[in-house]
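Residue numbers (the working numbering): 5 to 445.
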């Protein structure tokens with residue numbers, strides 16, 4: 005599929021908006037080529053290529069609104085009748101929808117930051133190239149007699165937003181995600197690795213599979229370690245798993261519903277809630293984790309800090325909440341960049357006298373949203389560290405912990421790795437609360 009050009013996207017948007025009989029209409033267009041390859045037991049199992057095209061129309065009648073979407077061929081033989089019906093259906097449903105108590109008029113034209121997220125070579129890569137890369141990646145697992153299973157996901161396309169107030173946004177992008185789990189034949193050892201990029205050339209699938217395989221071998225026959233409060237080293241995947249649980253929303257803080265709330269409707273903005281080494285920002289144009297500059301409603305997503313030198317300096321406001329509280333909307337967390345360093349994971353291990361090394365977490369659930377307290381399980385390789393060395397694997401734990409507390413007790417940050425829309429380092433914390441044992445691998 006040829007990528008929908010900006011010129012063609014403008015023409016399509018104008019055509020669709022022209023069908024509207026109400027003054028406020030928004031159009032979103034998504035067109036992506038999607039290719040994937042899934043493998044298990046060191047062999048490919050399923051693969052496919054599809055083109056996903058969706059047009060979504062939101063219509064307002066006063067403060068009432070409705071959205072209708074559908075798949076369309078956006079080539080020259082455009083289904084104008086189908087698109088016209090899509091708009092009419094949205095208008096008809098809007099008329100019978102309840103009023104939106106937080107209605108805001110549509111925003112007009114916006115200026116967006118330049119984001120380089122489209123890679124021609126990645127867009128052109130086909131099923132044979134994916135197959136060759138997976139064949140090379142799993143060769144090491146075969147050699148070590150370890151069973152590898154995983155998923156390679158490739159996307160290339162555009163996202164478009166336009167409205168009747170003359171707003172127009174266009175964002176082309178490519179994205180590659182790879183995850184692999186390796187298991188030993190006896191079922192006692194497991195390893196995992198995942199990473200993402202907007203460039204296929206920036207992904208080393210063989211290295212990822214090698215790391216997962218070696219971890220599976222190293223994690224066999226784990227010893228039992230008593231649950232308790234231990235220093236911990238969290239690999240980037242574990243950091244991403246917990247960082248993703250925090251809400252950076254201003255409204256929930258001011259309404260007393262988040263860890264960033266303070267008494268009397270105030271927030272903890274300006275407080276040093278975290279270690280001074282912690283820096284967290286959103287940056288759509290980051291070269292290693294580019295993200296859509298199109299925020300909610302077509303507002304621009306811009307570079308901004310959430311945490312600076314350990315201080316909470318900003319939270320995100322929706323357009324409605326910003327208007328209500330006399331603020332500027334945003335910043336919108338289209339990605340999150342947690343600052344790291346040039347230290348390696350091995351450096352963090354060498355600097356640890358006693359502690360637990362965690363590959364990742366799963367089955368994470370909220371315990372108390374006002375403390376950002378979560379519970380979950382470790383998985384795919386948990387190890388005991390002593391005198392600067394990984395001594396042996398340990399059984400998995402259930403934990404009760406808050407990522408806010410973990411960041412507050414951070415003692416060391418290492419090199420970053422991109423995982424979906426997060427760019428995060430390995431992290432060492434002086435305290436992590438492991439509450440019970442789990443027999444799961």
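Positions of the beta carbon are idealized from the N, C-alpha and C atoms, including for glycine.
Within the DSSP secondary-structure output, residue 432 pairs in a beta bridge with 237 and 416. Distance from residue 379 to residue 369 at the Cβ level is roughly 6 Å; contact confirmed, criterion being Cβ atoms closer than 8 Å. In this chain, the beta strand (DSSP E) harbouring residue 41 covers 28-44. As far as DSSP is concerned, residue 143 takes part in no beta bridge.
With fewer than three CB-CB distances shorter than 8 Å, the stretch 194-206 does not count as touching the stretch 391-399.
Here the alpha carbon of residue 440 sits roughly 35 Å from the alpha carbon of residue 338. About 14 Å separates the Cβ atoms of residue 135 and residue 46, ruling out a contact at the 8 Å cut-off.
C-alpha of residue 9 to C-alpha of residue 63: approximately 25 Å in a straight line.
According to the DSSP secondary-structure assignment, residue 438 is paired through a beta bridge with 232 and 403.
Residue 349 counts as buried, since at least 16 other C-beta atoms from the protein chains shown sit within 10 angstroms of its C-beta. Counting only the Cα atoms, residue 52 lies some 8 Å from residue 38.
Residue 177: member of the beta strand (DSSP E) spanning 172-187, first to last residue. Under the DSSP assignment, residue 384 falls in the beta strand (DSSP E) whose first and last residues are 377-390. By the CB criterion at 8 Å, residue 429 and residue 344 fall inside the cutoff. Proximity to residue 364 across 261, 329, 437 and 237 peaks at 237, based on C-alpha coordinates. Annotation: residue 120 is outside any alpha helix (DSSP H) and is labelled neither H nor E by DSSP. Residue range 151-167 is occupied by the beta strand (DSSP E) that includes residue 167.
Between residue 340 and residue 116, the CB-CB gap reaches or exceeds 8 Å. The continuous beta strand (DSSP E) containing residue 194 extends over residues 194-201.
When C-beta atoms of the stretch 142-156 are compared with those of the stretch 201-215, three or more pairs fall below 8 Å, so the two segments count as touching. Residue nearest to residue 233 within the set 433, 72 and 275 is 433 (criterion: CA-CA distance). Taking 8 Å as the cut-off, the beta carbon of residue 43 is found closer than this to the beta carbon of residue 138. Inclusion of residue 166 and residue 21 in the CB contact set at 8 Å is warranted, their separation being smaller than that value.
Beta-bridge annotation (DSSP): residue 23 is not paired with any residue. In the same chain as residue 157, and ignoring 5 residues on each side of it, the C-beta atoms closer than 6 Å to its own belong to 40 and 181, in chain order.
Beta-bridge analysis with DSSP links residue 368 to no other residue.
Between the beta-carbon of residue 162 and that of residue 174 there is about 7 Å, and that keeps the pair under the 8 Å contact cut. Within the same chain, Cβ atoms closer than 7 Å to the Cβ of residue 67 are found at 103, 104 and 107, the five residues on either side in sequence being excluded. Beta bridge pairing from DSSP links residue 59 with 33 and 74. Residue pairing by DSSP places residue 321 opposite 334 in a beta bridge. CA-CA distance, residue 425 to residue 190, rounds to 35 Å. Close CB contacts of residue 242 within its chain, under the 7 Å cut and outside five residues either way in sequence, are with 362, 363, 364 and 365 (chain order). Residue burial is scored here from C-beta neighbours: residue 390 has fewer than 16 other C-beta atoms within 10 angstroms and is therefore classed as exposed. As the crow flies, the alpha-carbon of residue 253 is around 18 Å from that of residue 288.
Rounded to the nearest angstrom, the gap between the Cα atoms of residue 58 and residue 35 is 6 Å. In the assembly as shown, residue 400 is a buried residue. Its beta-carbon has 16 or more other beta-carbons within 10 Å.
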